[in-house]
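To start, the structure itself, in structure tokens.
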Amino acid sequence: MLPEKTTDKTAAREVALKLLERAKAMMQVSLSGLERDQLSIANHWAFYAISNAMKACLAFEAKFSRSRDETYQFFRRDFLRSGIFPEEMESKLAYSMEVHMGLNEEDYYLYTIEQMHTAMDLIRTAQDYLS
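Everything in the sequence shown is counted per the working numbering, starting at -1 for the first residue and increasing by one.
Have a look at this one:
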């Protein structure tokens, strides 16, 4: 369970690094699903890797959210709109959030690959930010 608020930068950094490690582990599960041609699994875990990478960045700044939508809104405001993360990341994440649940089978493979690329880009960028 994440703390509600913390002013301790060391504790915030520890939480952030744990969330980033969780995002990396989820990405590995996603890659494994893709290798086994289990697109639903690959897509699902890539999406949650994205979510945990966003949470890691927020946690590093001692900000926590209660829902997926709140996480995205805070991340968008604090990291994308402020220019901390690259501008193109905003459109990738917006697309990811918008269509995650509304896929048809024909689009699944292409979207899963895009989702995985977005997750990997965000994890790399978050890793750089937390370093």
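For glycine and all other residues, C-beta sits at the position ideal for the given N, C-alpha and C.
| Query | Result |
| --- | --- |
| Near S49, what residues of its chain come up, given a Cβ to Cβ distance below 7 Å and the 5 sequence neighbours on each side ignored? | R66, T69 |
| Counting only the same chain and skipping the five closest in sequence on each side, list residues whose C-beta sits under 7 Å from that of L17. | N50, K53, A54, A57 |
| Should L120 and M87 be called a contact, given that it needs their Cβ atoms to be closer than 8 Å? | yes |
| Assuming L18 is part of the alpha helix (DSSP H), what are its boundary residues? | 7 to 33 |
| Beta-carbon within less than 8 Å of W43's beta-carbon, same chain only, minus the 5 sequence neighbours each way: which residues are those? | M24, M25, V27, S28, G31 |
| Please identify the residue among F62, I111, T8, Q125 whose C-alpha is closest to the C-alpha of I39. | I111 |
| Report the CB separation of F45 from S94 in whole angstroms; it is logged as a contact under 8 Å. | 7 Å |
| Please classify A92 as buried or exposed, where buried requires at least 16 neighbouring CB atoms within 10 angstroms. | exposed |
| Whole angstroms are fine: how far does the CA of N41 sit from the CA of Q113? | 7 Å |
| If you run the structure through DSSP and keep just helix, strand and coil, what is R132? | With the chain covering -1 to 129 only, the question about residue 132 has no answer from this structure. |
| Using three-state DSSP, classify K61 as helix, strand or coil. | coil |
| Helix, strand or coil, according to DSSP, for F83 in the structure here? | coil |
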